[in-house]
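Counting in the numbering used here, the sequence shown runs from 49 upward without gaps.
What follows is a short report on a single structure.
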Amino acid sequence: MSHKTIMILLDGCCYDTATENLGYLEHLVSIGKGTKLRVLGELPSLSRPMYETLMTGLPVDEHGITNNHLIRCSNQISIFDLCKNYKMTTAASAYHWISELYVRAPFQPLMDRVQLKAVSKIQHGIYYFEDQYPDSHVYSDAEFLRQQFEPDFLLVHPMNIDDAGHKYGSTSSEYHQSVAIENILLSTVLPIWMNAGYQIMVTADHGMNEHHLHGGNSEQQRMVPLYLFSDKFVKGIHTDQCLSELFIAPLLCKMLKMEPAPGMRPLSQMEVQIIDV
Ligand SMILES: [Zn+2]
Numbered sequence: 049m050s051h052k053t054i055m056i057l058l059d060g061c062c063y064d065t066a067t068e069n070l071g072y073l074e075h076l077v078s079i080g081k082g083t084k085l086r087v088l089g090e091l092p093s094l095s096r097p098m099y100e101t102l103m104t105g106l107p108v109d110e111h112g113i114t115n116n117h118l119i120r121c122s123n124q125i126s127i128f129d130l131c132k133n134y135k136m137t138t139a140a141s142a143y144h145w146i147s148e149l150y151v152r153a154p155f156q157p158l159m160d161r162v163q164l165k166a167v168s169k170i171q172h173g174i175y176y177f178e179d180q181y182p183d184s185h186v187y188s189d190a191e192f193l194r195q196q197f198e199p200d201f202l203l204v205h206p207m208n209i210d211d212a213g214h215k216y217g218s219t220s221s222e223y224h225q226s227v228a229i230e231n232i233l234l235s236t237v238l239p240i241w242m243n244a245g246y247q248i249m250v251t252a253d254h255g256m257n258e259h260h261l262h263g264g265n266s267e268q269q270r271m272v273p274l275y276l277f278s279d280k281f282v283k284g285i286h287t288d289q290c291l292s293e294l295f296i297a298p299l300l301c302k303m304l305k306m307e308p309a310p311g312m313r314p315l316s317q318m319e320v321q322i323i324d325v
């Protein structure tokens with residue numbers, strides 16, 4: 049069984065909008081090839097704090113990245129640190145805030161956009177710094193990294209859904225269309241990545257509301273999808289109860305066959321049981 053994992057982080061993608069538009073992922077789950085869960089995001093439902101929560105398994109009060117304007121590197125044990133300890137190769141095709149958290153801060157567009165063979169927590173990264181950078185290019189950048197470096201852990205982080213949400217709101221046609229485009233992109237890359245032996249996680253950091261916002265405590269802003277394509281989990285739809293976002297990091301550890309960091313919640317405490325015992 050392969051432990052290589054690709055995490056696709058759909059920035060700002062609501063649970064309901066994912067269900068309505070990500071037909072290819074819904075198909076894979078419906079034919080027994082995947083696992084679907086509903087995740088309740090942590091607070092505040094903001095990007096940079098949630099990136100750190102997703103990568104460390106810690107709530108905001110513990111990791112200290114309290115808002116988007118706090119620009120510094122992570123000082124906690126992240127998935128990238130653990131991979132490094134296990135001598136695994138890591139790569140990211142991601143928004144520049146990921147580079148700021150796990151490589152260096154502040155991000156310098158003229159210096160930091162492409163960082164290959166870097167001596168840092170993320171060894172190979174291609175980072176964009178405009179929210180309109182096309183998601184199609186984010187996947188192309190990811191595929192370049194995958195082919196060149198065969199990473200054990202690859203983070204793929206498109207921003208166009210969040211961008212559409214901020215411009216037009218979560219009930220807009222534009223927001224829905226941005227998720228529908230993701231459906232096409234995912235149905236293009238996932239067969240290739242699965243055939244190459246990768247386990248896949250698709251999730252989001254937070255949702256979006258009709259006022260073009262996220263950050264607060266409402267279902268729209270917090271509820272996000274989690275799709276898993278891995279033989280390590282019970283297949284099917286497990287959405288009756290919400291899973292806490294704090295379990296994403298330990299789930300990644302399970303996929304990558306690593307011991308979780310001491311601060312991460314044990315998977316035995318998950319609200320939804322998807323691990324065969
Ligand atoms: Zn946003």
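Here a beta-carbon is modelled for each residue, glycine too, at the ideal position from N, C-alpha and C.
Residue 160 has its Cβ no nearer than 7 Å to any heavy atom of ligand 1. For residue 301, the CB contacts under 6 Å within the same chain, skipping 5 residues up- and downstream, are 308 in chain order. Just so you know, the alpha carbons of residue 120 and residue 154 end up roughly 7 Å apart. Look at residue 117: its beta carbon is at least 7 Å from all of the heavy atoms in ligand 1. Here the distance from the Cβ of residue 255 to the nearest heavy atom of ligand 1 is not below 7 Å. Nearest neighbour of residue 126 by Cα position, chosen from 116, 98, 114, turns out to be 98.
In the structure shown, residue 71 adopts helical secondary structure according to DSSP, grouped into three states. Take residue 168, set aside five residues on each side of it, and the residues of its chain with a beta-carbon closer than 6 Å to its own are 151, in chain order. In this structure, the beta-carbon distance from residue 89 to residue 210 does not fall below 8 Å. In the three-state reduction of the DSSP assignment, residue 197 falls in the helix class. At least one heavy atom of ligand 1 lies closer than 7 Å to the C-beta of residue 210. Membership of residue 251 in any alpha helix (DSSP H) is not indicated; the residue belongs instead to the beta strand (DSSP E) covering 247-251. Pairing residue 163 with residue 128, the inter-Cα distance amounts to about 15 Å. Boundaries of the beta strand (DSSP E) around residue 277: 271-277. Boundaries for residue 62: no alpha helix (DSSP H) harbours it, and the DSSP string shows neither H nor E there.
Residue nearest to residue 139 within the set 115, 76, 173 is 173 (criterion: CA-CA distance). CA-to-CA, the gap between residue 244 and residue 53 works out to about 11 Å.
For the pair residue 227 and residue 70, the CB atoms are nearer than the 8 Å cut-off. DSSP links residue 55 through a beta bridge to 203, 249. In the DSSP assignment, residue 121 falls outside any alpha helix (DSSP H) and carries neither an H nor an E. The C-alpha of residue 72 lies about 17 Å from the C-alpha of residue 183.
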